[in-house]
Structures are given as C-alpha cells and as structure tokens.
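*Asks:*
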Amino acid sequence: MALHDERLASNRRGFLKGGIGLLAMTIMPSGLVVGQAWANMPRSTQPQTFATLVQMSRDCYPHPQIEDKFYANAVNILDEAARASAEERDLLESNVAELDRSAQEAHGTRYSEIESEDDRTALLKLIEDGDFFRKVRSNLTVGLYNQKELWPLFGYEGASADKGGYLDRGFNDIDWIS
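Residue numbering for the sequence shown follows my numbering, starting at 1 and increasing by one per position.
(1) Starting from the C-beta of aspartate 100, find all residues in its chain whose C-beta is less than 7 angstroms away, skip the five residues before and the five after it, and write them out in chain order.
(2) If you follow the alpha helix (DSSP H) that asparagine 95 is in, where does it begin and where does it stop?
(3) So what does DSSP say about leucine 144, is it helix, strand or coil?
(4) Helix, strand or coil: how does DSSP classify serine 160 here?
(5) With a Cβ-Cβ cutoff of 8 angstroms, do lysine 93 and glutamine 46 count as a contact?
(6) In three-state terms, what does DSSP make of proline 152?
(7) Are phenylalanine 132 and asparagine 95 close, meaning C-beta to C-beta below 8 angstroms?
(8) Quick one: grab the DSSP three-state call for leucine 167.
(9) Could you work out which residue in Lys163, Ile127, Ser57 and Gln65 is closest to threonine 141 when comparing CA atoms only?
(10) So the alpha helix (DSSP H) threonine 52 belongs to, where does it begin and stop?
(11) Helix, strand or coil: which one does DSSP assign to arginine 120?
(12) Determine, using beta carbons only, whether arginine 83 and arginine 43 come nearer to each other than 8 angstroms.
(13) Would you decide whether glutamine 65 is buried or exposed? Buried here means 16 or more other CB atoms lie within 10 Å of its CB.
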C-alpha cells in the first residue's frame with residue numbers, strides 16, 4: 001500500500017511550478033518579454049537574436065503606443081525566412097552577433113540591453129548602409145504596418161475600393177499628419 005505524503009506532493013507541485021517559471025525565463029530572456037509573453041517565439045533564430053531584432057525594429061520605427069508583440073510579429077517574418085534558408089539565418093545571426101559586439105565595446109552590454117535609445121540609434125547609424133540593416137528595415141515596412149490591429153492607431157481605415165474609394169470618404173481627415 002502506497003502512502004501519500006502531502007508535504008512531498010506540495011513540494012513537488014511547488015518545484016514544478018518554479019521549474020516551469022525557470023524554464024520560461026531560460027527560453028525567454030529578459031529582453032524578450034516586455035509586458036506580456038509573445039505568441040511568436042523564434043523557430044529558427046536564437047532567442048537573443050530574436051530579442052535584438054525586436055529591439056532593433058522598435059528603434060527603427062519607434063511607436064511608444066505599440067506593444068512589443070507587434071514588433072515581434074514583424075520579426076517573425078524574418079525568423080520564418082531564416083527557417084527556410086540557412087543563408088538568411090546566417091545573415092541574421094552573424095549580423096546580430098556583430099551588433100552585440102559593437103554594443104559590448106561601446107556600452108559594456110548587448111544591444112537589446114542598452115537603456116538609452118540614442119545610444120542604440122547611434123549603433124544602428126553605423127550599419128545603416130549594410131544589407132542586414134536594409135533587410136530588417138524593409139521587412140518592417142510591410143511586417144509592422146500591415147497588421148490590421150494597428151491600422152486604427154495610424155488612422156488607416158483599410159482598403160476602400162469596395163466602398164467607392166477614398167475621395168468621398170474623408171481621405172484627408174487624419175489630424176495627426178501635417
């Protein structure tokens with residue numbers, strides 16, 4: 001007959017809860033989880049590479065009102081491309097590693113952990129003419145701004161052809177564009 005020791009059961013339960021939290025922190029380093037956990041975890045790139053690409057994306061197109069998860073959705077496009085091509089993965093991994101090396105030399109920490117946006121932007125200016133930077137920036141143009149949930153924040157009402165076009169529907173009524 002097996003005896004049930006309640007102390008052992010609660011300790012095991014506590015251990016498992018703590019272990020899951022520890023596992024989550026291992027998989028999602030501090031740079032990855034801001035506000036809430038992202039649905040899109042990297043499938044091809046390293047978690048730190050993914051985190052750096054999210055921070056880099058936010059620095060390229062800063063919108064304080066947009067949650068990191070939307071930037072992560074855009075970076076996920078790069079991650080999926082890296083999954084399909086070793087060349088794409090190597091481009092991302094090697095260039096993020098180089099960006100982190102530059103950040104380490106200049107600020108003593110990884111790019112994604114630099115607190116000052118100005119300091120991060122200065123590092124990006126050094127690489128803005130390279131293929132890596134252009135790839136990330138061009139991905140954001142579609143990857144970030146083509147998320148329908150964000151359109152209301154920018155005053156975009158979506159396609160209008162099926163509604164008779166923009167001309168008679170207030171195409172110039174966005175008050176935040178001068």
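Don't be surprised by glycine CBs; every beta carbon is placed ideally from N, CA and C.
*Replies:* Reading it off the structure:
(1) Thr52, Arg110 and Tyr111
(2) 86 to 107
(3) coil
(4) Coil at serine 160, not helix or strand.
(5) Reading off the sequence, residue 93 comes out as glutamate, not lysine. Yes, they are a contact pair.
(6) helix
(7) yes
(8) DSSP places leucine 167 in coil when its eight states are reduced to three.
(9) Ser57
(10) Start and end: 47 to 60.
(11) helix
(12) yes
(13) exposed
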